[in-house]
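Since the structure comes first, as structure tokens, the remarks are kept for the end.
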Amino acid sequence: MIACSETLSLSKDQGFIPQPGYLYFLLQGQMTLAFGDEQNLVGIVIAHMPLGLLEHYCPSVALYYQCLGECQLAKITASDFERIFFHSSPGYMQELTTILAYMGIFALDAHYERGSQTSFQTIKSMLSRYLYRGEIDGGQHESLSAFIIKRTNLSRSYVYQVLAALREGGIYHGEKRQADLHRPSYS
Numbered sequence: 336m337i338a339c340s341e342t343l344s345l346s347k348d349q350g351f352i353p354q355p356g357y358l359y360f361l362l363q364g365q366m367t368l369a370f371g372d373e374q375n376l377v378g379i380v381i382a383h384m385p386l387g388l389l390e391h392y393c394p395s396v397a398l399y400y401q402c403l404g405e406c407q408l409a410k411i412t413a414s415d416f417e418r419i420f421f422h423s424s425p426g427y428m429q430e431l432t433t434i435l436a437y438m439g440i441f442a443l444d445a446h447y448e449r450g451s452q453t454s455f456q457t458i459k460s461m462l463s464r465y466l467y468r469g470e471i472d473g474g475q476h477e478s479l480s481a482f483i484i485k486r487t488n489l490s491r492s493y494v495y496q497v498l499a500a501l502r503e504g505g506i507y508h509g510e511k512r513q514a515d516l517h518r519p520s521y522s
């Protein structure tokens with residue numbers, strides 16, 4: 336894989352969002368992973384985790400990475416990645432499956448830790464889930480506020496208050512049965 340990749344260097348505290356059509360592997364340094372922006376921190380990127388893989392196969396997911404120090408990444412095209420892991424050998428497919436299993440465990444662990452999240456952060460992450468679900472099934476039959484209230488223990492008035500604050504802050508633009516989450520761009 337290294338043979339068909341190029342090296343990308345990032346500086347300390349630099350934000351990173353994978354480019355569409357590319358996957359990245361952390362070669363040196365340490366990075367954090369967050370949903371949407373740095374405020375929804377999930378944790379540290381695990382070793383050998385292919386950055387951009389989730390975004391490639393589920394384009395509606397919005398992950399944000401940030402360097403804790405200087406980092407080096409291997410950048411590879413998604414087509415080269417698929418050629419290597421899907422079409423080369425069963426051993427490579429097994430290796431990819433192991434990586435994905437660890438990513439799943441990492442996600443479950445992060446979900447468990449989410450219990451310490453503030454109500455505001457919960458609503459922001461629910462907004463992202465609402466948008467992902469809308470892209471998957473296309474026919475949303477409930478409003479964003481109903482979606483959040485049904486899945487959390489938050490009061491109706493508090494949910495409306497936070498959604499209004501997100502609208503005023505330009506983070507969220509919502510119409511009836513539609514929503515749009517504005518993400519900052521990082522390079």
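Residue numbering for the sequence shown is 336 to 522, as defined by our numbering. Yeah, the Cβ is synthetic: ideal placement off N, Cα and C, and Gly gets one too.
Subject >> beta strand (DSSP E) segment containing isoleucine 283, residue limits >> reply: Residue 283 lies beyond the stretch modelled for the chain, which goes from 336 to 522, so this question has no answer here.
**OP:** Could you name the residues of the same chain whose beta carbon sits closer than 8 Å to that of serine 424, not counting the 5 residues immediately before and after it, in chain order?
**Re:** By one-based count along the sequence shown, residue 424 stands at place 89. Counting only Cβ-Cβ distances below 8 Å, and skipping sequence neighbours, we find nothing.
**OP:** Within the same chain, show all residues whose beta-carbon is closer than 7 Å to that of histidine 391, passing over the 5 residues directly before and after it, in chain order.
**Re:** In the sequence shown, residue 391 corresponds to position 56, counting from 1. Around histidine 391: Leu358, Ala413.
Subject >> Proximity below 9 Å, CB of alanine 409 to CB of isoleucine 352 >> reply: By 1-based counting over the sequence shown, the position of residue 409 is 74. By 1-based counting over the sequence shown, the position of residue 352 is 17. For alanine 409 and isoleucine 352, no; Cβs fall outside 9 Å.
Subject >> C-alpha gap between tyrosine 493 and threonine 487, whole angstroms >> reply: The count along the sequence shown starts at 1 and reaches residue 493 at position 158. The count along the sequence shown starts at 1 and reaches residue 487 at position 152. So the alpha carbons of these two residues sit roughly 11 Å apart.
Original post:
Comparing the C-beta of leucine 388 with each C-beta of chain B, is any distance below 9 Å?
Top reply: The structure shown contains no chain B; it is built from a single protein chain.
Original post:
Going by the CB atoms, is the gap between tyrosine 399 and valine 380 shorter than 9 Å?
Top reply: Your numbering for residue 380 matches position 45 in the sequence shown. Your numbering for residue 399 matches position 64 in the sequence shown. Not in contact: valine 380 and tyrosine 399 (Cβ atoms no closer than 9 Å).
Original post:
What residue does the beta strand (DSSP E) around glutamate 341 start on, and which one ends it?
Top reply: On the sequence shown, position 6 is the one that residue 341 refers to. 341 to 345 is the span of the beta strand (DSSP E), which, as asked, contains glutamate 341.
Subject >> For glycine 350, the residue or residues it bridges with in DSSP >> reply: Here the question's residue 350 lines up with position 15 in the sequence shown. Glycine 350 is bridged to Gln401.
Original post:
With a CB to CB cut of under 7 Å and the five nearest residues on each side skipped, what residues in its chain are close to tyrosine 495?
Top reply: In the sequence shown, the residue the question calls residue 495 occupies position 160. Ser480, listed in sequence order.
Original post:
Of the choices Leu376, Cys339, Glu405, Gly505, whose alpha-carbon is the least far from that of threonine 453?
Top reply: If you number the sequence shown from 1, residue 453 lands on position 118. Distance from the Cα of threonine 453 is smallest, within the candidate group Leu376, Cys339, Glu405, Gly505, for Leu376.
Original post:
Mind checking whether methionine 366 and isoleucine 434 have CB atoms under 9 Å apart?
Top reply: Along the sequence shown, read from residue 1 onward, the residue named residue 366 stands at position 31. Along the sequence shown, read from residue 1 onward, the residue named residue 434 stands at position 99. Taking 9 Å as the Cβ cut-off, methionine 366 and isoleucine 434 do not qualify as a contacting pair.
Subject >> Beta-ladder partner(s) of threonine 412, from DSSP >> reply: Start at 1 with the first residue of the sequence shown, and residue 412 comes out as number 77. Tyr357.
**OP:** Quick one: grab the DSSP three-state call for histidine 294.
**Re:** Residue 294 cannot be examined here, being either before or after the span of the chain that is shown, 336 to 522.
Original post:
Between glycine 350 and cysteine 406, which are expected to be in contact by the criterion C-beta below 8 Å, what is the C-beta distance as a whole number of angstroms?
Top reply: Position 15 of the sequence shown, counted from the first residue, corresponds to residue 350. Position 71 of the sequence shown, counted from the first residue, corresponds to residue 406. The Cβ separation is near 12 Å, so there is no contact.
Subject >> Local Cβ density within 10 Å of cysteine 393, reported as buried at 16 or more and exposed below that >> reply: Within the sequence shown, residue 393 is the residue found at index 58, counting from 1. Exposed, since its Cβ has fewer than 16 Cβ neighbours within 10 Å.
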